[in-house]
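One structure below.
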Amino acid sequence: MTESIHIKNFGPLRDVKIDDIKPLTVLIGDSASGKSTLMKVVALMRYIYKRANIYSYLKNADVSDRPRSFINLIGEMQPMLTHETKINYTVHMPNGGNYTHLLDRNGIQFDDIGINKADMVFFKEAFVAETRSIIPTWSLYGARFPGADLGYYFNETFRDFSEATDRIKEQSLDYIGMKMEVQITPARKHFLISSKEGSGGTFELENASSGIQTSAPLMTIVRYFAHEFSFTKAFRRSVLDILTDEALSQFRPEVNLQDLKKYIHLYIEEPELSLDPQTQCLFVNDLIRQAFYRGSNKRPADGRQLGLMFATHSPYILNHLNVLLRASYYEQARKHYPYIEKDEIAVYQLENGTLRSLVEDDEETGERIIDTYRFSDSMEWILDKYESID
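Letter by letter, the sequence shown follows residues -17 to 372 in my numbering.
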């Protein structure tokens, strides 16, 4: 299965086209260039495709269809939707089946997109917002107040972290040599940070450094979706959200959930937040190891596949991804690094509302590499300013 998307005139995105959305997609660019907007649009279109799969599943189970309207799902991005907006998202199946959603000012259009039983999949979308640094304080104070709201994307991030820590009682933070233990009391959850060697005492997450406050929730969420997340419960919720009481009596499923391919897509804003350059690289190692099941991290029996899409400002992360790419070419390196296969990754620079691919083949070695030279411009600009002072 491959996916493509073409976005025209949506907020800062003037003409953005991705012919094959890779399992690891990295976006870099200036502030306000549209990185987060692009991730949110991809997440929206995938969510709509998930719903189309569920409707097709129910149709195969002899449940009557009902009118479908998705325009309300665009939420806080509504002001970006204009009469010039066109979004085309297509899923290409190995057997030749293609399923396309079009979104414009009038809403979603897919003329009875009935998905073949052999092509049905189940998607789960999870957005990890840059505001995740608020999670420790919010879990201590804000979440106690009914109706308290910090916006859709933070709420989704906090909910995923809350569900993750209902299941996970200890989370390794190998990139800093620490761990987080979860203790639940009648009053609250405690997130206790300590050294893996047991030295240095224990402290609450809200008292940890800013880098730990942003990275520990993210690593916990990724581990949750890689291993602990229940597709059975999620699928049941999705079906029950659609079915009426009358339709429940008609429900005769012909497709078993176990037979559906399962995909989880995580969208991460700035994974490097508040981490020093070396720790950023170690953190990326742990992200890739979890999401792509490297080393001793084994894939669950349900065969789930994770995809990562993240927006970054960090040239250190891009350079380190080159290390992980190169490791895939060498047998010994594959044993020691959470390597990335050349066909698993795409890296794009957003500029002036368009995309530029930064992945290319090295002329000397033939190996796949990421062009990171362009990101030395800022250092050269600073050096020029320094040398111009007299």
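Cβ atoms here follow ideal geometry from the backbone N, Cα and C, with glycine treated the same way.
Rounded separation between residue i and residue j - CA only
i	j	result
TYR134	ASP325	33 Å
PHE211	PHE143	11 Å
ASP131	ASN137	7 Å
HIS295	GLY11	7 Å
ILE250	GLU349	27 Å
GLN260	ARG(-4)	35 Å
MET21	ALA208	20 Å
ARG338	GLN331	5 Å
LYS367	SER360	11 Å
Close-in-space but distant-in-sequence residues of the same chain around residue i (CB under 6 Å, 5 per side omitted)
i	result
GLN195	SER115, PRO118
GLU66	ASN(-9)
THR113	PHE136
ARG33	none
SER192	SER256
Assigned secondary structure, residue i (DSSP; H/G/I helix, E/B strand, else coil)
i	result
SER256	coil
MET291	strand
ASN42	helix
GLU66	coil
ASN80	strand
LYS17	helix
ASP(-3)	strand
LYS4	coil
ILE56	helix
SER(-14)	strand
PHE207	helix
LEU9	strand
LYS32	helix
ASN(-9)	strand
GLU228	Caution applies to GLU228, whose pLDDT of 48 falls short of 50 and renders its modelled position unreliable; the value that the coordinates give is listed next. The answer is helix: DSSP assigns GLU228 an H, G or I state.
Residues near residue i in its chain [Cβ-Cβ closer than 7 Å; skip 5 each side]
i	result
ARG28	PHE105, GLU107, HIS247
GLY96	SER38, LYS41
VAL204	LEU248, LEU269, GLN272, ALA273
LEU242	MET102, VAL103, PHE104
PHE217	PHE104, LEU239
Residues that DSSP places opposite residue i in a beta bridge
i	result
ARG338	GLN331
ARG350	ASP343
ILE97	None, per the DSSP bridge assignment.
ILE250	VAL110, PHE292
THR72	SER(-14), THR82
is_contact[residue i, chain C] using C-beta, thresh 8 Å
i	result
LEU307	You won't find chain C in this structure, because it holds only one protein chain.
**OP:** Tell me the start and end of each unbroken beta strand (DSSP E) in the segment 152 to 185 that is at least 3 residues and wholly inside, in chain order.
**Re:** Positions of the beta strand (DSSP E) runs, each at least 3 residues long and wholly inside the segment 152 to 185, are given as 152 to 155, 160 to 166, 171 to 177 in order along the chain.
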